[in-house]
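**Student:** Here the sequence shown is numbered in UniProt numbering, starting from 1 and rising by one per residue. The beta carbon of each residue, even a glycine, is placed where N, CA and C say it ideally should be. Model, not experiment: these values are computed from the prediction.
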Amino acid sequence: VAAVVRLFEAELRQPEPDLVLLSLVLGFVEHFLAVNRVLPTNVPGLTFESRPGPDPQTRLYFPVAELSIVAALYARFTAQIRGAVDLSLYPRPDGCSSRELVRKVSDVIWNSLSRSYFKDRAHIQSLFSFITGTKLDSSGVAFAVVGACQVLGLPDVHLALSEDHAWVAFGA
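(1) Per DSSP, what kind of secondary structure is valine 64 in: helix, strand or coil?
(2) Would you mind listing the alpha helix (DSSP H) stretches within the segment 88-153 that are 4+ residues and don't spill past its ends, in chain order?
(3) If we call anything under 8 Å between Cβ atoms a contact, is glutamine 150 one with leucine 136?
(4) Leaving out five residues before and five after isoleucine 131 in sequence, what residues of the same chain have Cβ atoms less than 8 Å from its Cβ?
(5) Within its chain, find whatever has a CB closer than 8 Å to the CB of valine 70; leave out the 5 residues flanking it on each side and keep chain order.
(6) For the beta strand (DSSP E) containing leucine 159, name the first residue and the last one.
(7) Keeping to the same chain, check which residues put their C-beta closer than 6 Å to that of alanine 160; ignore five residues upstream and five downstream.
(8) Excluding five sequence neighbours on each side, which residues of the same chain lie with their C-beta closer than 6 Å to the C-beta of alanine 84?
(9) Let me check understanding here. Comparing Cα to Cα, which of Gly171, Asp156, His165 and Asp164 lies closest to glutamate 16?
(10) Where do the ends of the beta strand (DSSP E) carrying valine 85 lie?
(11) Inspect the beta-carbon positions of tryptophan 110 and valine 146 and report whether they are closer than 8 Å.
(12) So which of Asp164, Ala10 and Arg92 has the shortest CA-CA distance to glycine 171?
(13) Can you give me the C-alpha to C-alpha distance between aspartate 94 and proline 54, rounded to a whole angstrom?
(14) Going by DSSP in three states, alanine 166 sits in which element: helix, strand or coil?
(15) Can you tell me where the alpha helix (DSSP H) with glutamate 30 in it begins and where it stops?
This is the structure in structure tokens:
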């Protein structure tokens, strides 16, 4: 737990926190705490940290995200995005991303999703759920597009949020 907190603190001190890294780590933890409630014993490199529970007879298990697992998921996402988007086709003379470029990135995310699943299902907004299950809800799609744009070095693309919506903002 402490290592995850330290990672987030360090990233959030940066001018541009690594959204892909943070989403993968948080999604990993969320998946094993909220989605997969059984301790898997058949996943190589996956361990759980045992801690005392509220009742002295019970133990709580927190997933330990091995760097190699997170690095592999990170590499898979970045390779998918960089392999699908040719930045030379989208000139940025003023340094701003065009609608066509952001649309291309969005299409890469959309076309990578599974075709049949419930979009309003809980726990499908992180890049972990995108990479491991090709599932995202609507705010997860917006976040994935912004993370993909960050991977491509497009600093003018940001996530805009309201109480119940998320969308991609870009340009000057």
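**Tutor:** Looking at the atomic coordinates:
(1) Walking along the sequence shown from the start, residue 64 turns up at place 64. Three-state result, valine 64: strand.
(2) 99-112, 127-133 and 138-151
(3) Reading the sequence shown from its first residue, position 150 is the one you call residue 150. Reading the sequence shown from its first residue, position 136 is the one you call residue 136. Not closer than 8 Å, so no.
(4) Locating residue 131 in the sequence shown gives position 131, counting from the first residue. Here the set comprises Leu24, Leu73, Arg76 and Phe77.
(5) Counting from one through the sequence shown, the residue named residue 70 turns up at place 70. Taken in chain order, the residues that qualify are Leu21, Leu24, Val25 and Phe28.
(6) Counting from 1 along the sequence shown, the entry for residue 159 is found at position 159. Per DSSP, leucine 159 belongs to the beta strand (DSSP E) from 158-161.
(7) For the purposes of this step, residue 160 is taken as residue 160 along the sequence shown, with counting starting at 1. Trp167 and Ala169.
(8) Counting from one through the sequence shown, the residue named residue 84 turns up at place 84. Same-chain partners within the cutoff: Val108.
(9) Sequence index remark: in the sequence shown, residue 16 carries index 16 (1-based). Answer by Cα proximity: Asp156.
(10) Locating residue 85 in the sequence shown gives position 85, where the first residue counts as 1. Element bounds for valine 85: n/a, residue is neither H nor E.
(11) By 1-based counting over the sequence shown, the position of residue 110 is 110. By 1-based counting over the sequence shown, the position of residue 146 is 146. No, Cβ-Cβ distance for tryptophan 110 and valine 146 is not below 8 Å.
(12) By 1-based counting over the sequence shown, the position of residue 171 is 171. Cα-wise, what sits closest to glycine 171 is Arg92.
(13) As a first step, residue 94 must be located in the sequence shown, where it is residue number 94. As a first step, residue 54 must be located in the sequence shown, where it is residue number 54. Computed Cα separation, rounded: 57 Å.
(14) As a first step, residue 166 is located in the sequence shown; it is residue number 166 there, counting from the start. In this structure, alanine 166 counts as strand in the three-state DSSP scheme.
(15) The residue given as residue 30 occupies position 30 in the sequence shown. Taken as a continuous stretch (DSSP letters only), the alpha helix (DSSP H) holding glutamate 30 covers 19-30.
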